[in-house]
Each structure stands twice: as structure tokens, then as C-alpha cells.
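Numbering (UniProt numbering), first residue to last: 1 to 556.
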């Protein structure tokens with residue numbers, strides 16, 4: 001870690017530049033940069049000219065590097081099946097989570113590590129040039145998981161010159177297919193697992209090994225499922241299942257934002273245009289139930305977590321979640337648009353299209369600001385607004401000082417110098433991409449042990465992975481828009497709110513200690529606050545039943 005001894009001996013411009021450029025690969029370097037900047041920003045004084053210039057130059061240099069990385073990553077992030085990008089020489093430039101789960105492989109790997117000869121790769125490129133827009137390449141990697149086979153990849157030229165995109169031709173067995181074949185043909189869970197293996201191209205011996213069963217048992221289960229499905233042979237049954245799985249996968253991959261592995265409670269996704277911008281939305285819960293508007297924050301998605309969809313259905317709520325600017329599919333505001341009003345207008349445009357008039361609103365974190373602004377402009381007030389883990393307007397530097405350094409530094413920077421906030425956010429996204437979809441929460445909660453442990457619970461793994469592309473798809477643009485909204489004085493929205501407002505807050509929330517919630521009640525004595533023991537900023541994950549029960553509660 002870079003040595004930051006005292007403020008009297010600051011880093012040189014060269015050291016600052018090197019520190020910034022190293023952050024993408026070393027988490028501790030971001031902490032070092034925070035330690036360097038925090039005392040400068042909290043002092044209220046101007047940054048030393050040399051420091052400001054060094055950071056500004058590093059930003060421009062970093063933008064060039066990060067733009068290239070983001071473009072390569074975006075080529076593979078949208079695929080469920082294993083996918084990678086190669087350069088003209090066969091070196092790996094980018095991989096997705098599906099590939100990393102099967103192969104111990106990273107950027108910079110060679111053809112030899114992929115199990116591809118140079119002559120095979122040259123033939124692959126020649127076929128693309130002479131005969132087709134896409135062709136096949138067979139990978140036999142040196143290091144692959146116990147049950148994975150050689151990967152037959154469908155390849156094409158990438159969106160950038162001199163690169164090739166390859167996606168595996170293999171079956172993915174969605175839970176929707178498992179549920180369907182179980183219901184339609186009366187398969188047992190074990191028979192369904194055997195059918196999944198057959199549809200994925202496994203032999204009976206491999207299925208037995210993978211599921212830790214006797215081969216004779218698997219053979220008997222195969223005969224049973226073939227009979228139940230009315231098929232003539234196991235090949236016919238496997239082909240039927242594979243075709244169904246393939247159709248579902250194509251649907252999922254056409255809209256990765258709605259694609260959740262092992263999805264049990266379904267949702268709808270859609271998008272529309274407003275003023276030349278794309279707006280994405282999701283809808284889940286009970287069709288025809290109490291209409292609810294969900295305004296997401298920057299940490300826990302907009303329906304990616306199974307528990308949100310389950311409890312919304314359980315309590316009879318019909319939830320519409322609008323993807324806010326810079327997140328998911330929704331474009332950021334036009335340059336001269338007001339960031340807050342743009343989001344209010346986006347929400348209303350989607351609600352009008354869906355013909356939904358929300359009776360309740362749930363808002364996570366910074367989403368409360370947008371929810372209050374939207375509610376203030378409605379001719380008919382909603383019945384209730386429920387805020388989850390929401391910070392009050394920032395009235396004093398102490399509020400920021402008490403935050404974990406890796407969170408508070410963004411607001412400090414946004415207040416002091418927007419260009420510096422942009423630099424820090426860019427570094428954050430690079431760090432997220434380095435960690436990948438399985439570990440990206442380390443960059444957000446790595447210095448908050450209690451919240452970090454919540455994100456690691458197996459029940460939340462599916463949601464954690466699904467949230468990753470939601471936040472990284474636009475290279476952190478959503479975080480930047482959020483900062484534009486957060487740093488303004490929005491206290492009047494709380495003061496003038498005439499809708500019942502209930503705030504649910506964890507007693508152990510390090511971002512907003514409980515004592516600062518008094519700002520809300522000082523602005524509006526009618527605000528109702530419930531502090532929940534042994535919960536932190538991750539309250540949205542740890543207490544979903546309580547949150548959705550509160551949303552469903554009558555305002556009377």
C-alpha cells in the first residue's frame with residue numbers, strides 16, 4: 001500500500017498519477033487515495049494546484065483506458081452462456097461470469113491456454129473473412145471445472161476493429177423450464193435433474209457422477225421420465241427439453257436485465273422512449289394488486305432479489321420499478337436537463353404508459369428524494385411513502401465525517417469539485433469490474449463488516465450477481481446522477497410532504513447513524529421512524545418481510 005505518512009509530506013504529482021492508475025488492480029490503493037483526499041476536502045480549502053492538476057490529468061488518462069475496457073466488457077456481459085473476446089492474435093481480452101465459472105481463465109490468456117492451435121485459429125478467422133458472418137471454434141481449455149466439457153463457441157467479429165466475440169453453444173437449464181416439465185409431465189425433482197443433464201449433453205455416467213447417484217438409479221429414472229413425457233427414446237426427450245431450454249435462453253439473453261438464474265417469482269420488463277431517451281422498467285408482485293411505485297437506490301437493485309418479488313406477491317402488491325437514469329437500460333438525462341425533474345418525468349411517463357396510479361411508494365436510499373419530488377407533483381396524493389435506509393439532507397460536515405470513508409468521499413468530492421467525483425466514480429466502477437459479478441459488493445461494503453456479511457448470505461447470491469450488470473452497464477453513470485441530486489438542499493421536499501412518510505432504518509447503519517435521523521423530524525414532525533435492531537444499510541436485504549408488510553399497511 002502506498003505510504004501516506006502526513007499531510008505535510010503529500011504525494012508528488014507523479015505518485016498521484018501512479019496511484020490512480022493502479023487502483024484498478026489493487027483495492028488498497030483506492031483506500032490510499034481516499035486517505036489522501038479526505039483531509040483536503042473536509043478542510044474546506046482549495047486543493048493544492050499541483051494535486052488538482054495531477055488528479056485531473058489522471059482522470060483523462062484513466063478515461064481512455066477505462067472506455068476501452070468497458071467496451072470490451074459490454075460485449076460479453078449480456079450473455080448467460082460462457083463468452084469471451086479475443087484479439088487478432090488469440091489473446092483473451094475479456095470474459096464473462098459464465099466462462100469464469102467453468103474455466104480458470106482471465107484477460108491475457110493465450111491460445112495454448114484455450115486449447116486452440118494457431119492453425120485452428122487462423123482457419124477460424126479465414127472462414128469469417130471468406131464465407132460467413134459467424135463460424136465455430138472449439139475450445140479445450142487446460143483448466144476447466146470437473147464436469148465441464150470442451151466448449152464449442154460460435155464466433156463473429158466484434159464491435160471494435162480487430163477483436164472477435166465467441167459465445168458457447170451449450171444448454172442453460174432455467175428454473176422456469178424445470179418447473180414447466182415438472183408440472184406438465186409430473187416429473188420428480190430427481191427425474192427433472194436427470195433431464196437437465198441430458199438436455200445439456202451429459203452422458204448417464206456423467207449425470208450419475210454429478211448428482212452423486214448410482215448409474216443404475218439414473219438409468220431407471222431416465223426410463224421413467226421418457227415414459228412420462230411420452231417420448232420414444234431418451235434422445236427424443238432430451239432433444240425436446242433442449243429445444244425448450246434454447247428458446248428460453250434466447251429470450252433471457254435478449255434482455256439480460258430481466259434474466260435471473262434459478263428465477264422462481266417472475267417479473268415483467270419493458271422499455272419506452274421519452275424525449276429521445278430510453279427508459280427501462282420492471283413489474284412484479286400480484287397482478288391487479290395494490291399498485292406500488294418502487295424507486296430504487298444505488299445498492300440493492302430494482303427487483304433483482306427474489307425476496308422483493310416474493311413478498312410483494314405475498315402481500316398483494318403490484319410493484320412497478322422504474323430504472324433510474326444511468327442504471328440498467330435508462331439513459332442518463334440530457335446535458336441541460338435537471339437531474340431530479342428528469343427522473344420525476346421518467347416515472348410519470350412509464351406510469352401513464354402502463355396505466356398505473358400508485359397508491360403506495362417504496363424508496364431505497366437516495367430514491368427517497370425522487371419519490372418525494374414525484375409525490376409533490378401528483379394531483380391526487382398517494383396513501384403512503386416508505387423509505388428504506390434513507391439519509392437526511394446533509395446539513396453539516398459531521399454527517400459526512402461519520403460515514404465510512406469509502407462512501408462519504410464521493411459526496412465530499414461532489415460538493416468540492418464535480419470533476420473529482422467523476423474520477424472517483426470511474427475508479428469505483430473499474431474496481432467493481434475487477435471484482436466481477438460474484439464479489440463486487442466488496443468495493444461498497446468491504447470496510448463495513450456487518451453489512452458485508454449480509455451480502456454474503458447464500459440466499460442473496462442470485463440477486464448480487466443480477467445487480468452487477470444493472471450498475472456497471474453504463475459505467476457508473478447512475479452514481480454520478482445520484483450525486484447531482486444528493487448534494488442539493490432537498491429539505492423542503494420533506495418539510496412540505498403531506499403524505500404519510502415512514503422511514504425504516506437499521507440501528508447499525510454506518511452510513512447514516514440513527515442520531516442524524518432527527519433532521520427528518522425537525523423538518524417535518526409527522527415523519528414516522530422505525531429503527532430496527534441488528535440491521536445496517538443492508539436492511540433492504542435482511543428485513544424484506546417487514547418492509548413489504550409496512551408498504552401493504554393501510555395509511556388509516
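We put the CB at the ideal spot given by N, CA and C, even for glycine.
Exercise. Hey, how far is the Cα of residue 452 from the Cα of residue 543?
Worked result: Residue 452 and residue 543 have their alpha carbons spaced roughly 15 Å apart.
Exercise. Contact between the stretch 269-282 and the stretch 319-326: three or more CB pairs below 8 Å?
Worked result: Of all C-beta pairs linking the stretch 269-282 to the stretch 319-326, three or more are shorter than 8 Å, placing the two stretches in contact.
Problem set entry | Nearest residue (CA-CA) to residue 471, options 86, 79 and 298 | Across the set 86, 79 and 298, the C-alpha of 298 shows the shortest separation from the C-alpha of residue 471.
Problem set entry | Environment of residue 535 [buried if 16+ CB atoms lie within 10 Å] | Buried: at least 16 other Cβ atoms inside 10 Å.
Exercise. In whole angstroms, what is the alpha-carbon distance linking residue 520 and residue 480?
Worked result: Straight-line Cα distance between these residues: approximately 24 Å.
For this session: Mark residue 220 as exposed unless 16 or more other C-beta atoms lie within 10 angstroms of its C-beta, in which case mark it buried.
Result: With fewer than 16 Cβ atoms within 10 Å of its Cβ, residue 220 is classed as exposed.
For this session: Go ahead and label residue 138 buried or exposed: buried means 16 or more other beta carbons lie within 10 angstroms of its beta carbon, across all protein chains shown.
Result: Exposed, since its Cβ has fewer than 16 Cβ neighbours within 10 Å.
Exercise. Do the stretch 500-516 and the stretch 377-397 make contact, defined as three or more Cβ pairs closer than 8 Å?
Worked result: The stretch 500-516 makes contact with the stretch 377-397, as at least three CB pairs between them are under 8 Å.
Exercise. I think residue 315 touches residue 362, with their Cβ atoms under 8 Å apart; what is that distance to the nearest whole Å?
Worked result: Actually they are not in contact, since the Cβ atoms of residue 315 and residue 362 sit about 11 Å apart, beyond 8 Å.
For this session: Give the C-beta separation of residue 199 and residue 241 to the nearest angstrom, bearing in mind that I take them to be a contact with Cβ-Cβ under 8 Å.
Result: Rounded, the Cβ-Cβ distance is 4 Å, consistent with contact.
Problem set entry | Under the three-state DSSP convention, the category residue 431 falls into | Helix, per DSSP.
Exercise. Would you say the stretch 459-475 touches the stretch 485-492, given that touching needs at least three Cβ pairs under 8 Å?
Worked result: Short answer: they don't touch.
Exercise. Just checking my contact of residue 226 with residue 217 at CB under 8 Å: how many whole Å lie between their CB atoms?
Worked result: Between residue 226 and residue 217, the beta carbon gap of about 15 Å keeps them out of contact (Cβ cut-off 8 Å).
For this session: Please go through the stretch 421-472 and give each complete beta strand (DSSP E) segment of 3 or more residues, from N-terminal end onward.
Result: Taken in chain order, the complete beta strand (DSSP E) segments of 3 or more residues contained in the stretch 421-472 number zero; there are none.
Exercise. Using 8 Å as the Cβ pair cut-off and three pairs as the minimum, do the stretch 495-504 and the stretch 338-355 touch?
Worked result: With a cut-off of 8 Å, the stretch 338-355 and the stretch 495-504 do not count as touching, because too few Cβ pairs lie within range.
Problem set entry | Straight-line gap, residue 259 to residue 130 (C-alpha atoms, nearest Å) | The predicted model places residue 259 with a pLDDT of 37, which falls under 50 and marks its position as unreliable; any figure quoted below should be read in that light. Counting only the Cα atoms, residue 130 lies some 35 Å from residue 259.
Problem set entry | Close beta carbons around residue 381, own chain, < 6 Å, minus the five adjacent residues each side | 499.
Exercise. Taking just the CA atoms, how far does residue 213 sit from residue 359?
Worked result: Cα-Cα distance, rounded: 52 Å.
Exercise. Do three or more CB pairs link the stretch 425-445 to the stretch 267-275 at distances below 8 Å?
Worked result: No, they do not touch.
Exercise. Are there three or more Cβ pairs, one per stretch, closer than 8 Å when the stretch 185-193 is compared with the stretch 109-124?
Worked result: Contact fails: fewer than three Cβ-Cβ distances are below 8 Å.
Problem set entry | Among 349, 266, 339 and 336, the one whose alpha carbon lies nearest that of residue 567 | In the structure displayed, the chain extends from 1 to 556; residue 567 sits before or after that span and is not available.
Problem set entry | Helix, strand or coil at residue 134 [DSSP, three-state] | In the structure shown, residue 134 adopts extended strand secondary structure according to DSSP, grouped into three states.
For this session: Pick helix, strand or coil for residue 278, following the three-state DSSP scheme.
Result: In the three-state reduction of the DSSP assignment, residue 278 falls in the strand class.
Problem set entry | Counted within 10 angstroms of its Cβ, other Cβ atoms place residue 89 as buried (16 or more) or exposed | Residue 89 is exposed by the Cβ-count criterion.
For this session: Name the residue from 388, 153, 379 and 163 whose alpha carbon lies nearest to the alpha carbon of residue 365.
Result: Nearest in C-alpha terms to residue 365, of all of 388, 153, 379 and 163, is 388.
Problem set entry | Nonlocal neighbours in the same chain, by C-beta distance under 7 Å from residue 98, ignoring five residues either side | Hits under 7 Å: 79, 80, 81, 82 and 83.
For this session: Measure the CB-CB distance between residue 357 and residue 291 and report whether it falls below 8 Å.
Result: Note that the C-beta distance between residue 357 and residue 291 is below 8 Å.
For this session: Could you tell me if residue 178 is buried or exposed, where buried requires 16 or more neighbouring beta carbons within 10 angstroms of its beta carbon?
Result: Buried, because 16 or more other Cβ atoms sit within 10 Å of the Cβ of residue 178.
Exercise. Residues in its own chain within less than 6 Å of residue 289 by CB, not counting five upstream and five downstream?
Worked result: Close CB contacts of residue 289 within its chain, under the 6 Å cut and outside five residues either way in sequence, are with 316, 317 and 318 (chain order).
For this session: Along the beta strand (DSSP E) that carries residue 564, what are the first and last residues, could you check?
Result: Residue 564 is absent from the model: the chain starts at 1 and stops at 556.
Problem set entry | Beta carbon proximity, residue 33 to chain B, threshold 8 Å | Absent from the structure: chain B. Only one protein chain is present.
Exercise. Can residue 510 and residue 448 be called in contact, C-beta distance under 8 Å?
Worked result: Taking 8 Å as the Cβ cut-off, residue 510 and residue 448 qualify as a contacting pair.
Exercise. Excluding sequence positions up to five away, which residues of its chain have a Cβ less than 7 Å from the Cβ of residue 157?
Worked result: Result list for residue 157: 128 and 164, in chain order.
Problem set entry | For residue 501, the three-state DSSP class (helix, strand or coil) | The answer is strand: DSSP assigns residue 501 an E or B state.
For this session: Find the nearest neighbour of residue 551 within the set 385, 238, 122 and 112, judged by alpha-carbon distance.
Result: Closest option to residue 551, judged by alpha-carbon separation, among 385, 238, 122 and 112: 385.
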